[in-house]
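What follows is a single structure, written as structure tokens, with notes after it.
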Amino acid sequence: MTQRNTVDTDVSATTKTLKVALLGAGNVGSQVARILLHDADALAARTGARLELVGIAVRNIDSPREVEIPKELFTTDASALVRGADIVIELMGGLEPARTLILEAIDHGATVVTGNKALLAVDGPTLYEKADAAGVQLSYEAAVAGAIPILRPITDSLAGDKITRVMGIVNGTTNFILDAMDTTGAQFADALAEAKRLGYAEADPTADIEGHDAAAKGAIIASLAFHTRFALADVHCQGITSVTATDIAAAKEAGYVIKLLAIAEKIESTDDAGAPTSGVSVRVHPTLLPREHPLGAVRGAFNAVFVEAENAGELMFYGRGAGGAPTASAVMGDVVSAARRLVLGGPGRTDSTIEVLPVLPIQAVSTRYYIGLDAADQPGVLSKIAALFAENGVSIETMRQTVHRDGNVKGGPGSAELRIVTHLAGEAALSATVEAINGLDVINSVTSVLRVEGV
Ligand code: NAP
Numbered sequence: 015m016t017q018r019n020t021v022d023t024d025v026s027a028t029t030k031t032l033k034v035a036l037l038g039a040g041n042v043g044s045q046v047a048r049i050l051l052h053d054a055d056a057l058a059a060r061t062g063a064r065l066e067l068v069g070i071a072v073r074n075i076d077s078p079r080e081v082e083i084p085k086e087l088f089t090t091d092a093s094a095l096v097r098g099a100d101i102v103i104e105l106m107g108g109l110e111p112a113r114t115l116i117l118e119a120i121d122h123g124a125t126v127v128t129g130n131k132a133l134l135a136v137d138g139p140t141l142y143e144k145a146d147a148a149g150v151q152l153s154y155e156a157a158v159a160g161a162i163p164i165l166r167p168i169t170d171s172l173a174g175d176k177i178t179r180v181m182g183i184v185n186g187t188t189n190f191i192l193d194a195m196d197t198t199g200a201q202f203a204d205a206l207a208e209a210k211r212l213g214y215a216e217a218d219p220t221a222d223i224e225g226h227d228a229a230a231k232g233a234i235i236a237s238l239a240f241h242t243r244f245a246l247a248d249v250h251c252q253g254i255t256s257v258t259a260t261d262i263a264a265a266k267e268a269g270y271v272i273k274l275l276a277i278a279e280k281i282e283s284t285d286d287a288g289a290p291t292s293g294v295s296v297r298v299h300p301t302l303l304p305r306e307h308p309l310g311a312v313r314g315a316f317n318a319v320f321v322e323a324e325n326a327g328e329l330m331f332y333g334r335g336a337g338g339a340p341t342a343s344a345v346m347g348d349v350v351s352a353a354r355r356l357v358l359g360g361p362g363r364t365d366s367t368i369e370v371l372p373v374l375p376i377q378a379v380s381t382r383y384y385i386g387l388d389a390a391d392q393p394g395v396l397s398k399i400a401a402l403f404a405e406n407g408v409s410i411e412t413m414r415q416t417v418h419r420d421g422n423v424k425g426g427p428g429s430a431e432l433r434i435v436t437h438l439a440g441e442a443a444l445s446a447t448v449e450a451i452n453g454l455d456v457i458n459s460v461t462s463v464l465r466v467e468g469v
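Right, dumping it as structure tokens:
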């Protein structure tokens, strides 16, 4: 009878050693160090090589660390560390010296694993090209949605399928804020203050609330899903700062929830001569989703990515989008995968760029829209508004009216709140409709214009 081992292979037979350099020992880096040091046998069994942590580059060797790490591993000479490594794990964050160190690692033929979404957003294409040219692997699972395995499923598991659309809640801070507004009725500023108090938002939350962080991740997801390199500048980006408690309440009443989504979508159309063409829209904006949509159930600071593919249909990936240990899990997935390749041989693969799809402007995207209006409560208002929609070729799906008899009104004894959801409409037609409605003397204000997805 054969005895089952509790590990995948016989560790004692593992003779190869791979030198691992860690750059950074903060929230994520310290957890990666812990896994490398404490789970060395299991990692050796899974990779076929011992992963030897040869050093950890930090700014200040004496800073207190979240986990116990032998002092002799720390160094301030990151460059020397990189030059002697087989695998370089960059978890410093920021643009420099991370970029220079990653380029040095690639030059030395080292495999690179990073979680640095800010750097990839700005300089990803250069780094991918350098890695490709050098035949080394550059992996960055941790840069998108923290612990959630999403990049490898897109590049490997779905490699035999055709992805048509990816929609992700990829920023925990904004999901926390929008969820708090939805749950408690709080205004944006109060929900942001709460997020800061609980440590979900940084002192300067701009990158999160303006959508830049989600846009960086959207560019990465789109590049991998559609085999074309997209940069941050290709992403249409709108944050959540203008979402009001009234928008959230109105959405809720109509059966929707507002989420900040990063959406990457392949759009098929025809050119002027009628020939089929396709392009990709990558966009980040507050979006109304039906409350029963799987992404609608993503609460607090959690992340989730919803993938639609031709054959697989709909898939949902859900989990923690940040945090030291969760993010370290994603980093270690890349490290183990890279180590296996180094043991077995074969060229390093970064991303596939077999297609060159154009980036479509936001004007090329058709969605449903939600429009909130503050109007005079007078006879004939609804028909005037409906006529403008019809004139601009935008079809109304639902229109709800709530009358406020005691309101301060421009043109009558009371005001009415109108909430309109349209059928699919193009950006240009919708903008023309909104402009025309704004010009009506019975309209006090257009209170919101938001896209609706997932219907
Ligand atoms: P962090 O806590 O700020 O840690 C940064 C580490 O890098 C520190 O150990 C710091 O050294 C070191 N470092 C920074 N600049 C350096 C320099 N010039 N020379 C040498 N060492 C330097 O960062 P983190 O939260 O762990 O994030 C690391 C990366 O993971 C970032 O790219 C981040 O975007 C990404 N990420 C983080 C999360 C998360 O939940 N935190 C999630 C996904 C992705 P000292 O300790 O001496 O200051």
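FYI, the working numbering numbers position 241 of the sequence shown as 255, with every residue one higher than the one before it.
We put the CB at the ideal spot given by N, CA and C, even for glycine.
Predicted model only: the values in this text are computed from it and were never measured.
Mapping the DSSP letters down to three states, classify serine 459 as helix, strand or coil.
Your numbering for residue 459 matches position 445 in the sequence shown. Strand at serine 459.
At which residue ranges does the stretch 337-391 contain complete beta strand (DSSP E) runs of 3 or more residues, listed in the order of the chain?
380-390
Contact check, leucine 303 vs lysine 273 under 8 Å by CB: the rounded distance?
Along the sequence shown, one-based indexing puts residue 303 at 289. Along the sequence shown, one-based indexing puts residue 273 at 259. Sure, about 6 Å apart at Cβ, within 8 Å.
Strictly by DSSP, which residues pair up with glycine 182?
If you number the sequence shown from 1, residue 182 lands on position 168. Glycine 182 pairs with Ala276 and Val319.
How would you label histidine 250, buried or exposed, when you count the other beta carbons within 10 angstroms and need 16 or more for buried?
Position 236 of the sequence shown, counting from 1, holds the residue named residue 250. Buried.
Beta-carbon proximity list for aspartate 193, same chain, < 7 Å, skipping 5 on both sides:
Sequence index remark: in the sequence shown, residue 193 carries index 179 (1-based). The answer, listed in chain order, is Arg313 and Gly314.
Taking its Cβ as the centre, do 16 or more other Cβ atoms sit within 10 Å of isoleucine 368, making it buried, or is it exposed?
The residue given as residue 368 occupies position 354 in the sequence shown. Classification for isoleucine 368: exposed.
Own chain residues within Cβ distance below 8 Å of serine 292, not counting five before or after
As a working note, residue 292 is residue 278 in the sequence shown. Cβ within range, chain order: Lys280, Ile281, Glu282, Ser283 and Leu371.
In or out: asparagine 422 buried (at least 16 other Cβ within 10 Å) or exposed?
Reading the sequence shown from its first residue, position 408 is the one you call residue 422. Reliability fails at asparagine 422, whose pLDDT of 47 lies under 50, so the model's placement of it is uncertain and no value is given.
Per the contact definition of three or more C-beta pairs closer than 8 Å, is the stretch 50-60 in contact with the stretch 70-77?
no
Please list, in chain order, all residues of the same chain as valine 463 whose beta carbon is under 7 Å from its beta carbon, the five residues on each side excluded.
What you label residue 463 is simply residue 449 of the sequence shown in a count that begins at 1. Taken in chain order, the residues that qualify are Tyr383, Ile385 and Val448.
In chain order, what residues of the same chain have a beta carbon less than 6 Å from the beta carbon of aspartate 222, not counting five sequence neighbours either side?
In the sequence shown, the residue the question calls residue 222 occupies position 208. These residues qualify, in order along the chain: Asn185, Thr187 and Thr188.
Any heavy atom of the ligand NAP within a distance shorter than 6 Å of the CB on valine 72?
Along the sequence shown, read from residue 1 onward, the residue named residue 72 stands at position 58. Yes, the Cβ of valine 72 comes within 6 Å of a heavy atom of the ligand NAP.
In the DSSP assignment, what residue or residues form a beta bridge with serine 292?
Position 278 of the sequence shown, counting from 1, holds the residue named residue 292. Paired residue(s): Glu282.
Following a CB-centred definition, is valine 42 positioned closer than 6 Å to any heavy atom of the ligand NAP?
Mapped onto the sequence shown, residue 42 falls at position 28. Flag set: Cβ of valine 42 near the ligand NAP.
Look up glutamine 415 in the DSSP assignment and give the residues it is bridged to.
To locate residue 415, count along the sequence shown from 1; it is residue 401. Paired residues: Leu432.
Less than 6 Å separating the Cβ of asparagine 130 from some heavy atom of the ligand NAP?
The residue you call residue 130 lines up with position 116 of the sequence shown. Yes, since a heavy atom of the ligand NAP falls inside the 6 Å radius drawn around the Cβ of asparagine 130.
Length of the line joining the Cα atoms of histidine 122 and glycine 225
Position 108 of the sequence shown, counting from 1, holds the residue named residue 122. Position 211 of the sequence shown, counting from 1, holds the residue named residue 225. Distance between the alpha carbons of histidine 122 and glycine 225 is about 36 Å.
Counting C-beta neighbours from all protein chains within 10 Å, is the total for serine 44 16 or more, i.e. buried, or is it exposed?
Within the sequence shown, numbered from 1, the residue matching residue 44 stands at position 30. So serine 44 ends up on the buried side.
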